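What the sequence shown shows, in UniProt numbering, is residues 1 to 89, in sequence order. From the three backbone atoms N, C-alpha and C, an ideal C-beta is built for every residue, glycine too. These figures come from a predicted structure and were not determined experimentally.
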Amino acid sequence: MIFFKRQEPQPQLLLQQHPAVPEDNSAENNDASPNDFNLRTWAIDLATDLRDVLYASCLLARSILRVLDKLLSGIIHLTKYQLGLHSRD
């Protein structure tokens, strides 16, 4: 089973990826409140978590499809064998 380690966001990296986040409280950024940064951080964390869940779901679906493929191949092989349609190697 695969477990994903949650990575805590690094503020400098967030600022580089999201230039709309104010870097300081200078005169040009007076309209941005600390709550805006918290909301953006929360949204980024949520998107990261959703991406991880989606990735894990895709891995699970792929594994299930592989098992179903093997199961159906076995059923087809047995059915052909019982009907006498199998090839004699």
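Simplified DSSP assignment, three categories, for residue i
i, result
"H86", "coil"
"L15", "Caution is warranted here: a pLDDT of 49 is assigned to L15, below 50, making its placement in the model unreliable, and the coordinate value is therefore given only provisionally. Helix, per DSSP."
"A27", "At A27, the pLDDT of 48 sits below 50, so the modelled position is not reliable and the matter cannot be decided from this model."
Span separating the alpha-carbon of residue i from that of residue j
i, j, result
"G74", "R66", "12 Å"
"R62", "W42", "30 Å"
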